[in-house]
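Numbering (my numbering), first residue to last: 16 to 619.
The C-beta atom is built at its ideal place from N, Cα and C for all residues, glycine as well.
Data first, discussion second: the structure below is written as structure tokens.
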Ligand code: G6P
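Structure, rendered in structure tokens:
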């Protein structure tokens, strides 16, 4: 979690750090801070709250040619001014920003740092004191010696007022990259922070460090062996971070879905052989025939998209498939089988639990395919093979376009595997045509935004809501409830429709609406039964369906176009995004940055 940035060069570091922190806020936004070497003093400005607040309150004379910055998502210690980064040692010589968790922080506080007076509750302050306590001539050597005492995950950047020509950085489990400029160098937790300055980057690996000066950089391992990394071009575009006339990123990203899905499909549909081509999956037809199981892993919306995918895999390949939260999988000592295809899904490619699951699978000899949006990210690099979403950067904390793009990529993969196994050309052709039509169909759903905005008033007035669905509708219900919860703060729970009567129905009443996901499929009559049960208890119903005929008794209906049954979840998810968005808008929520959350969860 947390965003880190650093600058060393001829320009004033402060505006560069502020601008980069604004871009990094998606990684955490409960407090922020910068430290610069200003003349012969180390100056730190930090506070609880957003980066805008940090900028607004910055002292006029805060400037310097070397500096580091941080935007935080609290782990150890509340989001207060004192707990905000950077952290300094007692002599105010060394400043540190840190992303990750130092697991032996309490132990180090009680032993090697027993005499130190701490000013914060953070694990990071331990690092500042440890580095200051190393009696090494060079900062990089002091940092290296300190890190050898530390257990845990970190991405760090360090400056020292006594050596104001450099920044020292290190990575172990939390991303750090170097930005290469002319006569200046940058540090960031991801390339998007540097988009205004350079696209030439060097990704550090775990247990790797670097020292950056204005005119050059050097990389080496924690064991002091040089690694001689070369810069690569980061695939980031400047315009991807504009709101393009939308009030917020969530709205922009919802409306980008037709284009994002088009890109996910681009070059991957083979109409002639009614299948999908996926360049990076590294699976021969013989490998596919040998598969006995498919296991999909992810967190949050990536996990819910994985559930949609698992259902697609099972129906198109007849290979048993399921999805599981990566955080659970990694800790339950799972059985790893050579004939299982493991699929890890992650928009950011940095989610810690998903990464740990990938590493656990690989440790036990399993094969993992990554479905990732961010090129060059840790999970993308860690997987044996992969498929990129090509959805472009997603800035809003609430996932929208990457959920649909992931579901589309999973459908392409299911089609590809299915055509090798159980699906014939006629069925393949049916799916190919349906996939190709999705961008236009999503655009039709988006065109009905005004009606969905009106429906949002039903939910905006409630303190709690249920989302229910059966089979293809259930996973969409899970994702829909998650959207509502995180962006509007209205409590929402998703249930398989038939489970409602096993408990939750006790809560149904005129104040608690239920959103029923009811595609026009073989379970339609069952869903009508559930609606009747809710109505009989006075519960308002919002239906989301592709059926053109009105449903008796419902308060509002969102209608989506009809596609092939297997792909229907993808279209049904879109009105639920708009619904959550408009509820949040009506309630005046902070749409792109919901409280307590972060876009990229790089802690356990
Ligand atoms: C966070 C985000 C979610 C996202 C999840 C997994 O919780 O707020 O929107 O689904 O992380 O992120 P990933 O980058 O791995 O897809």
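Item                                                                                                                                                                                         : Value
Can you tell me the Cα-Cα spacing of residue 491 and residue 173, whole angstroms?                                                                                                           : 45 Å
Report the residue ranges of all alpha helix (DSSP H) runs contained in full by the region 127 to 193; include only those spanning at least 4 residues, in chain order.                      : 139 to 148, 154 to 162
What does residue 285 pair with, by DSSP beta-bridge criteria?                                                                                                                               : 290
Would you kindly check if the distance between the Cβ of residue 530 and the Cβ of residue 470 is under 7 Å?                                                                                 : no
Could you tell me whether the region 84 to 103 touches the region 40 to 55, where touching means 3 or more Cβ pairs closer than 8 Å?                                                         : yes
Please report the straight-line C-alpha distance between residue 595 and residue 235, rounded to a whole angstrom.                                                                           : 47 Å
Among 575, 397, 527, which one has its Cα closest to the Cα of residue 463?                                                                                                                  : 575
Going by Cα to Cα distance, which pick from 515, 390, 539 is closest to residue 205?                                                                                                         : 390
With hydrogens ignored, establish whether the beta-carbon of residue 59 is closer than 6 Å to any heavy atom of ligand 1.                                                                    : no
Given the structure, does residue 359 come close to ligand 1, in the sense that its CB is under 6 Å from one of the ligand's heavy atoms?                                                    : no
Find the nearest neighbour of residue 11 within the set 427, 537, 585, judged by alpha-carbon distance.                                                                                      : No answer is possible for residue 11: the residues shown for the chain start at 16 and end at 619.
Which of the three DSSP states, helix, strand or coil, is assigned to residue 318?                                                                                                           : helix
Just to confirm the assignment, what range does the alpha helix (DSSP H) spanning residue 272 have?                                                                                          : 272 to 280
Please determine, among 30, 29, 121, 264, the residue with the shortest C-alpha to C-alpha distance to residue 593.                                                                          : 264
Note down the Cα distance separating residue 476 from residue 148, rounded to an integer number of angstroms.                                                                                : 57 Å
Alpha carbons only, please: which of 159, 534, 177, 200 is nearest the one belonging to residue 187?                                                                                         : 159
What whole-angstrom Cβ distance do residue 225 and residue 184 have, given they're in contact under 8 Å?                                                                                     : 5 Å
Measuring CA to CA, which of 32, 472, 127, 455 is closest to residue 280?                                                                                                                    : 455
Do you know whose CA, among 412, 74, 418, 336, lies nearest residue 405's CA?                                                                                                                : 418
Please work out which residues of its chain come closer than 6 Å, Cβ to Cβ, to residue 322, disregarding the five sequence neighbours upstream and downstream, and give them in chain order. : 338, 490
For residue 256, does the three-state DSSP call read helix, strand or coil?                                                                                                                  : helix
What do you get for residue 72, buried or exposed, if any count of 16 or more other CB atoms within 10 angstroms of its CB means buried?                                                     : exposed
Is residue 620 near ligand 1, in the sense that its beta carbon is under 6 Å from a heavy atom of that ligand?                                                                               : Lying outside 16 to 619, the shown extent of the chain, residue 620 is not represented and no answer is given.
Of the residues 420, 385, 132, which one's Cα is nearest the Cα of residue 274?                                                                                                              : 420
Tell me the rounded alpha-carbon separation between residue 132 and residue 527.                                                                                                             : 52 Å
Mind checking whether the beta-carbon of residue 412 lies closer than 6 Å to any heavy atom of ligand 1?                                                                                     : yes
Just verifying my parser: in three-state terms, what is the DSSP assignment at residue 540?                                                                                                  : helix
CB of residue 315 to nearest heavy atom of ligand 1: below 6 Å?                                                                                                                              : yes
Is it the case that the Cβ atoms of residue 142 and residue 103 are separated by a distance below 7 Å?                                                                                       : no
What number of angstroms, rounded off, separates the C-alpha of residue 326 from the C-alpha of residue 542?                                                                                 : 19 Å
How should residue 129 be labelled, buried or exposed, when 16 other C-beta atoms within 10 angstroms of its C-beta is the threshold for buried?                                             : exposed
Does any heavy atom of ligand 1 sit closer than 6 Å to the C-beta of residue 369?                                                                                                            : yes
My output table needs one value for residue 323: the three-state DSSP class, helix, strand or coil.                                                                                          : helix
Report the three-state DSSP secondary structure of residue 300 (helix, strand or coil).                                                                                                      : helix
Alpha carbon to alpha carbon, what distance is there between residue 22 and residue 652?                                                                                                     : Lying outside 16 to 619, the shown extent of the chain, residue 652 is not represented and no answer is given.
Consult DSSP for residue 379 and reduce its assignment to one of helix, strand or coil.                                                                                                      : coil
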